Amino acid sequence: MTAGLADAAMSTLDLAFHGAAGTVTGSRYLLTAGTSRVLVDCGLFQGLKQLRLRNRAPFPVPPRDVSAVVLTHAHLDHSGYLPVLVRDGFKGRVFATPATCDLCGILLRDAAALQEHEANRANRHGYSRHHPSLPLFTTADAEAALDRLMPTPWERPFTVDGFTFRLRPAGHILGAATVEAEQGGTTVLFSGDLGRGGDAVMHPPRVVAQADYLVIESTYGDRVHPDSDPAEDLAEIVRRTVARGGVLLIPAFAVGRAQAILYHLHRLRTRGSIPRVPVYLDSPMASAATALLHAHPAEHRIPPSVYSAMMEGVALTGSVEESKALDRRNGPMIVVAGSGMMTGGRILFHVERHAPDHRNTILIVGHQAEGTRGDALRQGARQLKIFGKYVPVRAEVAFLDGLSAHADQRELLDWLGGFERAPRTTFVTHGEPRAADALRMRIEEELGWTVRVPEHGEVVRLT
Ligand code: ZN
Numbered sequence: 015m016t017a018g019l020a021d022a023a024m025s026t027l028d029l030a031f032h033g034a035a036g037t038v039t040g041s042r043y044l045l046t047a048g049t050s051r052v053l054v055d056c057g058l059f060q061g062l063k064q065l066r067l068r069n070r071a072p073f074p075v076p077p078r079d080v081s082a083v084v085l086t087h088a089h090l091d092h093s094g095y096l097p098v099l100v101r102d103g104f105k106g107r108v109f110a111t112p113a114t115c116d117l118c119g120i121l122l123r124d125a126a127a128l129q130e131h132e133a134n135r136a137n138r139h140g141y142s143r144h145h146p147s148l149p150l151f152t153t154a155d156a157e158a159a160l161d162r163l164m165p166t167p168w169e170r171p172f173t174v175d176g177f178t179f180r181l182r183p184a185g186h187i188l189g190a191a192t193v194e195a196e197q198g199g200t201t202v203l204f205s206g207d208l209g210r211g212g213d214a215v216m217h218p219p220r221v222v223a224q225a226d227y228l229v230i231e232s233t234y235g236d237r238v239h240p241d242s243d244p245a246e247d248l249a250e251i252v253r254r255t256v257a258r259g260g261v262l263l264i265p266a267f268a269v270g271r272a273q274a275i276l277y278h279l280h281r282l283r284t285r286g287s288i289p290r291v292p293v294y295l296d297s298p299m300a301s302a303a304t305a306l307l308h309a310h311p312a313e314h315r316i317p318p319s320v321y322s323a324m325m326e327g328v329a330l331t332g333s334v335e336e337s338k339a340l341d342r343r344n345g346p347m348i349v350v351a352g353s354g355m356m357t358g359g360r361i362l363f364h365v366e367r368h369a370p371d372h373r374n375t376i377l378i379v380g381h382q383a384e385g386t387r388g389d390a391l392r393q394g395a396r397q398l399k400i401f402g403k404y405v406p407v408r409a410e411v412a413f414l415d416g417l418s419a420h421a422d423q424r425e426l427l428d429w430l431g432g433f434e435r436a437p438r439t440t441f442v443t444h445g446e447p448r449a450a451d452a453l454r455m456r457i458e459e460e461l462g463w464t465v466r467v468p469e470h471g472e473v474v475r476l477t
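In my numbering, the protein residues as written are 15 to 477.
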């Protein structure tokens, strides 16, 4: 054993919650053992302004002192801070599954382009309070972060700076992993975002038998997904929108949700459950992510022949001009576009154009973080502020919860049921406060485990 490893073995192990504590975004968990520092997930804060401002605050430790990052998956609330971390001095590697690396290439480049675009737009129209408005990170920052990615195989343990990690399937989106970290004989398991047993597209999350400490997400910690078949609910919404001659707008995460929606639409069309109306995927990013289903066939349930048939029924729009041309079309048609919570992206142009017409439908699919336009619609808002103007919402606002890529309370407890013995402490994170606390209580009641809901910035000594 080298001196460095011996030091690490004798040292304390601390876990710091620098994000996804008290909120669903900004996943950043820092493990510290002596001078070794490894970050699990490096996410952006999204939603409420007070949360987004944290993206502009300095990282709690100097990024150059972090030796590596391990990602659970590519969603921006888990990976989107990487460009800032690298720009601010991080010199290490970023370990992630091959599909996560591919998806990060799509998501981080898109996020950078979007921020540059919005900063330009705000500066041109003068509606930002910051003068000049600056993107959080640039395309160059994103490229520098992507250069650090280290595609890492499933299941095979790897060691970095005295920590040994292992990635297992989490079933949430392509490449999504649970991350096990072991240091000095102590294991900490990070659930990342957990998928669902009965998902149409993804395989179920792999059961883990034990960990000394567990950090589990709670996005749906206080809810149970409806029993109804999401495909049937979707069919019903499509049929009534088409009957009105309307446009069905589906804001969707480019990665995960968009593919699930396309797959369900394909199956419904094939069965004759919905009329054959044009379906547009108006998101080059979602199109690229959908192509990754083809590149990583072992990671999902869609057979290659079905994938090909599915893509034949979808029109992909590329340029902004093509996207704008869509808005000159009348219904009936279905438009799937990002971003999933309507915080940005092409969906905003479509909502601006179609929300005022009662024949149309805006379909909210799954969880919407507080402070987002999607959340406002969930709360019953009848107008949305878009590009500095208020747009009336006369369109139907429909909800589809069954298509979530997250396990619900029951499914989280089922997954926890796979543990052969209780972790010493289970930390409930990645949920709004009510959801996290509800899950904490259920775990205490059903399993009798020791559970805590950590606070933002809290540091817990594990050994
Ligand atoms: Zn996710």
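Here a beta-carbon is modelled for each residue, glycine too, at the ideal position from N, C-alpha and C. This structure is a prediction, so every number in the text was calculated from the model and none was measured.
ask   = For Ala127, which three-state DSSP category applies?
value = Mapped onto the sequence shown, residue 127 falls at position 113. Reduced to three states, the DSSP call for Ala127 is helix.
Ala190 burial status per 10 Å Cβ neighbour count (16 or more: buried) = Sequence index remark: in the sequence shown, residue 190 carries index 176 (1-based). Result: buried.
ask   = Between Asp371 and Ile288, what straight-line distance do the alpha-carbon atoms span, to the nearest angstrom?
value = Here residue 371 is taken as the residue at index 357 of the sequence shown, counted from 1. Here residue 288 is taken as the residue at index 274 of the sequence shown, counted from 1. Rounded to whole angstroms, Asp371 to Ile288 spans 22 Å at the Cα level.
request  = Identify, in the order they occur along the chain, each residue of the same chain with its Cβ nearer than 6 Å to the Cβ of Phe177, setting aside the five sequence neighbours on each side.
outcome  = Your numbering for residue 177 matches position 163 in the sequence shown. Excluding residues within five positions, the ones whose Cβ falls inside 6 Å are Val52, Ala195 and Gln197.
inquiry  = Measuring straight from C-alpha to C-alpha, what distance separates Ala126 and Thr153?
reply    = For the purposes of this step, residue 126 is taken as residue 112 along the sequence shown, with counting starting at 1. For the purposes of this step, residue 153 is taken as residue 139 along the sequence shown, with counting starting at 1. Whole-angstrom Cα-Cα distance: 5 Å.
query = When DSSP labels each residue in this structure, what does Glu326 get in the three-state scheme?
reply = In the sequence shown, the residue the question calls residue 326 occupies position 312. Correct three-state label for Glu326: helix.
Phe109: first and last residue of the uninterrupted alpha helix (DSSP H) it sits in = Walking along the sequence shown from the start, residue 109 turns up at place 95. It is not in any alpha helix (DSSP H) - Phe109 instead sits in the beta strand (DSSP E) that spans Arg107 to Ala110.
request  = Reducing DSSP to helix, strand and coil, say where Ile251 ends up.
outcome  = Here residue 251 is taken as the residue at index 237 of the sequence shown, counted from 1. If DSSP states are grouped into helix, strand and coil, Ile251 belongs with the helices.
query = Just how far apart, CA to CA, sit Glu472 and Pro447?
reply = The count along the sequence shown starts at 1 and reaches residue 472 at position 458. The count along the sequence shown starts at 1 and reaches residue 447 at position 433. Roughly 15 Å between the two C-alpha positions.
ask   = If you draw a straight line from the C-alpha of Gln393 to the C-alpha of Leu62, how long is it?
value = Counting from 1 along the sequence shown, the entry for residue 393 is found at position 379. Counting from 1 along the sequence shown, the entry for residue 62 is found at position 48. In a straight line, the C-alpha of Gln393 is about 15 Å away from that of Leu62.
message = When you measure from the CB of Asp55 to every non-hydrogen atom of the ligand ZN, does any distance come out below 6 Å?
response = Along the sequence shown, read from residue 1 onward, the residue named residue 55 stands at position 41. False, no ligand heavy atom lies under 6 Å from that Cβ.
key: Other residues of its chain near Val215: CB distance less than 7 Å, five sequence neighbours each side excluded   = Indexing the sequence shown from 1 puts residue 215 at position 201. Result list for Val215: Gln273, Ala274, Tyr277, His314, Arg315 and Ile316, in chain order.
task = State yes or no: is the C-beta of Leu314 nearer than 6 Å to some heavy atom of the ligand ZN?
result = Position 300 of the sequence shown, counted from the start, is the residue given in the question as residue 314. Looking at the sequence shown, residue 314 is not Leu but His. Not so, every heavy atom of the ligand ZN lies at least 6 Å from the Cβ.
ask   = DSSP beta-bridge partners for Ser50?
value = Taking the first residue of the sequence shown as 1, we reach residue 50 at position 36. For Ser50, which the question treats as bridged, DSSP gives the partners Ala47.
key: Contiguous alpha helix (DSSP H) assignments of at least 4 residues, all confined to the segment 333 to 417   = 334 to 340, 361 to 368 and 387 to 392
message = I believe Phe151 touches Pro97 by the beta-carbon criterion, under 8 Å. Please report the beta-carbon distance rounded to the nearest angstrom.
response = Within the sequence shown, the letter at position 137 stands for residue 151. Within the sequence shown, the letter at position 83 stands for residue 97. Sure, about 4 Å apart at Cβ, within 8 Å.
message = For Ala30, list the residues DSSP reports as bridge partners.
response = As a first step, residue 30 is located in the sequence shown; it is residue number 16 there, counting from the start. Ala30 is bridged to Leu44 and Val473.
ask   = Mind pulling the alpha helix (DSSP H) runs of 4 or more residues that sit fully within the segment 60 to 119?
value = 63 to 66, 90 to 93 and 96 to 101
request  = State the DSSP-derived secondary structure class of Thr153, mapped to helix, strand or coil.
outcome  = Counting from one through the sequence shown, the residue named residue 153 turns up at place 139. Correct three-state label for Thr153: helix.
ask   = Where does Gly192 sit, in a helix, a strand or coil, going by DSSP?
value = Taking the sequence shown and counting its residues from 1, one reaches residue 192 at position 178. Contrary to the premise, residue 192 reads as Thr rather than Gly in this sequence. Three-state DSSP puts Thr192 in a strand.
task = Classify Pro165 as helix, strand or coil using the three-state DSSP reduction.
result = Within the sequence shown, numbered from 1, the residue matching residue 165 stands at position 151. In this structure, Pro165 counts as strand in the three-state DSSP scheme.
request  = Consult DSSP for Gln224 and reduce its assignment to one of helix, strand or coil.
outcome  = Counted from its first residue, the sequence shown places residue 224 at position 210. Looking at Gln224 - three-state DSSP - the assignment turns out to be coil, as it is neither helix nor strand.
ask   = Using the rule of at least 16 other Cβ atoms within 10 Å of the residue's Cβ for burial, across every protein chain shown, is Asn64 buried or exposed?
value = As a working note, residue 64 is residue 50 in the sequence shown. Checking the displayed sequence, the identity of residue 64 turns out to be Gln instead of Asn. Its Cβ having fewer than 16 others within 10 Å, Gln64 is exposed.
inquiry  = Using the three-state DSSP reduction, which class does Thr443 fall into: helix, strand or coil?
reply    = Taking the sequence shown and counting its residues from 1, the one referred to as residue 443 is at position 429. Strand at Thr443.
query = Which residues in the same chain as Phe59 place their Cβ atom closer than 6 Å to its Cβ, once the five residues preceding and following it in sequence are excluded?
reply = The sequence position of residue 59 within the sequence shown is 45, counting from 1. Taken in chain order, the residues that qualify are Thr39, Gly40, Leu65, Arg66, Arg68 and Asn69.
message = If I measure Cβ to Cβ from Ala47 and keep anything under 8 Å in the same chain, skipping five residues before and after, which residues do I get?
response = Along the sequence shown, read from residue 1 onward, the residue named residue 47 stands at position 33. Result list for Ala47: Ala22, Ser25, Thr26, Leu27, Asp28, Gly176, Phe177, Gln197 and Gly198, in chain order.
query = Are the CB atoms of Ser93 and His239 nearer to each other than 7 Å?
reply = Along the sequence shown, one-based indexing puts residue 93 at 79. Along the sequence shown, one-based indexing puts residue 239 at 225. Taking 7 Å as the Cβ cut-off, Ser93 and His239 do not qualify as a contacting pair.
Chain-order list of residues whose beta-carbon lies under 6 Å from that of Leu99 (same chain, five-residue window excluded) = If you number the sequence shown from 1, residue 99 lands on position 85. So the qualifying residues of the chain are Cys56 and Pro77.
message = For Arg466, list the residues DSSP reports as bridge partners.
response = Position 452 of the sequence shown, counted from the first residue, corresponds to residue 466. BP columns for Arg466 point to Phe441.
Through-space distance from Glu469 to Arg254, alpha-carbon basis = Position 240 of the sequence shown, counting from 1, holds the residue named residue 254. Position 455 of the sequence shown, counting from 1, holds the residue named residue 469. Taking the straight line from one Cα to the other gives about 45 Å.
message = Which residue wins for smallest C-alpha separation from Gly235, given the options Arg475, Arg220 and Ala450?
response = For the purposes of this step, residue 235 is taken as the residue at position 221 of the sequence shown. Here the closest residue by C-alpha is Ala450.
ask   = Leaving out the 5 sequence neighbours to the left and right, which residues in its chain are closer than 6 Å to Asp124 when beta-carbon positions are compared?
value = Here residue 124 refers to the residue found at position 110 of the sequence shown. Answer for Asp124: Met299, listed in chain order.
ask   = Where do the N-terminal and C-terminal ends of the alpha helix (DSSP H) with Thr284 fall, by residue?
value = Locating residue 284 in the sequence shown gives position 270, where the first residue counts as 1. Per DSSP, Thr284 belongs to the alpha helix (DSSP H) from Arg271 to Arg285.
inquiry  = Taking a contact to mean a Cβ-Cβ separation below 7 Å, would you say Leu208 touches Thr111 in this structure?
reply    = Against the sequence shown, residue 208 aligns to sequence position 194. Against the sequence shown, residue 111 aligns to sequence position 97. Going by C-beta atoms, Leu208 is not nearer than 7 Å to Thr111.
query = Tyr227 and Arg438 look like a contact to me (Cβ under 8 Å); what is the Cβ gap, rounded to whole Å?
reply = Along the sequence shown, one-based indexing puts residue 227 at 213. Along the sequence shown, one-based indexing puts residue 438 at 424. Going by Cβ atoms, the distance from Tyr227 to Arg438 rounds to 6 Å, so yes, they are a contact pair.
request  = Starting from Leu295, follow its DSSP beta bridges and name the residues at the other end.
outcome  = For the purposes of this step, residue 295 is taken as the residue at position 281 of the sequence shown. Answer is Leu330 and Val350.
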